[in-house]
Amino acid sequence: MDSLFLKNCFGEKTDKKPVWMMRQAGRYLPEYLEVRNRFFDFLSFVKDFRAAAEVTVQPVRRFHLDAAILFSDILVTLPLLGLDVQFIPGVGPKITSPIRDEEAVRALRDDSPETLDFTREAIFKTLDLLRGEVPLLGFVGGPLTLASYAIEGGTSKNLQETKKFFWRYPKAYHELLSKIANLSGEYLNLQRKWGCRALVVMDSWAGLLSEEDYREMAYPYVKRVLEMAASKETPSIHYANGASHLIGEMVKLPAHVLGLDWRSSLIHTFEKFPDKIFQGNLDPALLFSTPAIIRKRTREICSLTKNRAHIMNLGHGVLPGTPIENVRAFVEAVKEF
Ligand code: CP3
């Protein structure tokens, strides 16, 4: 596969820039909503491998993107620990009995990600539909981010319970993170074995930690996940949201590519780390402006990064309600540059 995307992940500058979008399959697409409406429950949708494969390829077909990302969720691995995960419409993910003490960590199960048949089937079906046109990306959540869902019981704005748990029960915290890291490394490896050509670690909430706490609470574990999944042929991408203050730590991670969120200054980051490969970072909210503004801002990023390997993306996921013609303006501005 002569892939623009993979070449750039391996540091090869190309004339054209590869482009894909975090959350590229989703509620802004009418063809996604049509499939979504066949399911009452989000997890039943994810576990239906035909539906998952179908919505994985939808944005690739519509916008001619340079990579597909498997339609699933970072939280599908939590049930392997014995946690019950539900997606409540209009609210978000909920963990029925969050982990709040040492006893709860001791009681966790340790099922193998090999049992996630729906992921294997969805990868096979997607590869069928993609016919080798673009690489398929697999992904996991970062250990800190997954632990935050397990401890908080849902999305948290400040990681209050997670930090409290860390300070009260440091040993149990490290045990939990270690368990999640091993599970995630193994799951990424399986996704690679099943046919994914690049692997993404999304440590969405790491930015809520100070640099000092990041070093102890998150870094060693996300490093382990990346090491477990490392391969010469299969590049890895690390993304954390709101984490530009952690860039000095994140560049030490064994990831081929670092995703930059939309707040990060591309120009300063590029100057400071001349040998690193970055992905990003147009503000997803800018896609609510006009095609003319989007083309201008996108071309600015392309100009800034034109002399280096770089992967164009948004600085976080596509937001629900984003106008399709604006998504198209973004992708076409990259392709025409
Ligand atoms: O296109 C893709 O990017 C692949 C699919 C994907 C989803 N979630 C589908 C999804 C991916 C890669 C994710 C990752 C994910 N999930 C992250 C990390 C990335 C990030 O956004 O920072 C996180 C933190 C989650 C957890 C999660 N899943 C939340 C907080 C929510 C509810 C909020 C929301 O966006 O609705 C979900 C549900 C979810 N995951 C949806 C989708 C398309 C919406 C569910 C629906 O359609 O009803």
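Note that my numbering has the sequence shown beginning at 4, numbered continuously upward.
Even glycine gets a Cβ: it sits at the ideal position worked out from N, Cα and C.
Only a predicted model underlies this, so the values are computations on that prediction, with no experimental measurement involved.
Legend entry - Residues bridged to V88 [DSSP beta-bridge criterion]: DSSP, once it has assigned bridges, lists I98 as partnering V88.
Inset, instruction - Have a look at T325 and G14 and give me their C-alpha separation to the nearest angstrom. - result: Using only the alpha carbons, I get a separation of about 31 Å.
Legend entry - Nearest residue (CA-CA) to L149, options H271, M205, V38 and L211: The candidate whose alpha carbon is nearest that of L149 is M205.
Inset, instruction - State the DSSP-derived secondary structure class of L261, mapped to helix, strand or coil. - result: Reduced to three states, the DSSP call for L261 is strand.
Legend entry - Exposed unless 16 or more other CB atoms sit within 10 angstroms - verdict on P92: The residue is exposed, with fewer than 16 neighbouring Cβ atoms inside 10 Å.
Inset, instruction - With a 10 Å radius around its C-beta and 16 neighbouring C-beta atoms as the bar for buried, classify N11 as buried or exposed. - result: The residue is buried, with at least 16 neighbouring Cβ atoms inside 10 Å.
Inset, instruction - Quick one: grab the DSSP three-state call for S239. - result: In the structure shown, S239 falls within a strand segment according to DSSP collapsed to helix, strand and coil.
Legend entry - Own chain partners of M315 with C-beta closer than 6 Å, once the 5 adjacent residues on each side are dropped: K20, V22 and V337, listed in sequence order.
Inset, instruction - Tell me whether L244 counts as near ligand 1, meaning its Cβ is closer than 7 Å to at least one heavy atom of that ligand. - result: In the sequence as displayed, the identity of residue 244 is Asn instead of Leu. When distances are taken from the beta-carbon of N244 to the heavy atoms of ligand 1, the shortest one is below 7 Å.
Inset, instruction - Have a look at S6 and E164 and give me their C-alpha separation to the nearest angstrom. - result: Rounded to whole angstroms, S6 to E164 spans 43 Å at the Cα level.
Inset, instruction - Using the Cα positions of Y31 and E37, report the straight-line distance between them to the nearest angstrom. - result: Distance between the alpha carbons of Y31 and E37 is about 11 Å.
Legend entry - Exposure of A110, with buried meaning 16 or more beta-carbon neighbours within 10 Å: A110 counts as exposed, since fewer than 16 other C-beta atoms from the protein chains shown sit within 10 angstroms of its C-beta.
Inset, instruction - Given a cut-off of 8 Å, decide if L73 and A107 are closer than it, judged by their beta-carbon atoms. - result: Their beta carbons are not under 8 Å apart, which means A107 does not touch L73 by this criterion.
Legend entry - Any non-hydrogen atom of ligand 1 within 7 Å of M205 CB: Yes; taking the cut-off as 7 Å, the Cβ of M205 has a heavy atom of ligand 1 nearer than that.
Inset, instruction - Look at the alpha carbon of P173 and the alpha carbon of L211, and state the distance between them as a whole number of angstroms. - result: If you take the alpha carbons of P173 and L211, they lie about 18 Å apart.
Inset, instruction - Indicate the three-state DSSP secondary structure (helix, strand or coil) for A56 in the structure shown. - result: Looking at A56 - three-state DSSP - the assignment turns out to be helix.
Inset, instruction - Count the other CB atoms, across all protein chains shown, that sit within 10 Å of the CB of V208; report buried if there are 16 or more and exposed otherwise. - result: One point to set straight first is that residue 208 is Trp, not Val, in the sequence displayed. Counting Cβ neighbours within 10 Å, W208 comes out buried, since at least 16 surround it.
Legend entry - Any non-hydrogen atom of ligand 1 within 7 Å of R39 CB: Yes, the beta carbon of R39 sits closer than 7 Å to at least one heavy atom of ligand 1.
Inset, instruction - Kindly indicate which three-state DSSP category G210 falls into: helix, strand or coil? - result: Looking at G210 - three-state DSSP - the assignment turns out to be helix.
Legend entry - Contacts around R112, its chain only, beta-carbon distance under 8 Å, and the 5 residues preceding and following it disregarded: Cβ neighbours of R112 beyond the five flanking positions: L83, L84 and G85.
Legend entry - Inter-residue spacing [alpha-carbon to alpha-carbon] between D51 and F127: CA-CA distance, D51 to F127, rounds to 13 Å.
Legend entry - Residue from M220, T158, S159 and E215 whose Cα sits closest to the Cα of S181: Per the Cα distances, M220.
Inset, instruction - Using 7 Å as the cut-off, classify the Cβ of R26 as near or not near the heavy atoms of ligand 1, replying yes or no. - result: Taking non-hydrogen atoms of ligand 1 into account, the C-beta of R26 is found less than 7 Å away from one of them.
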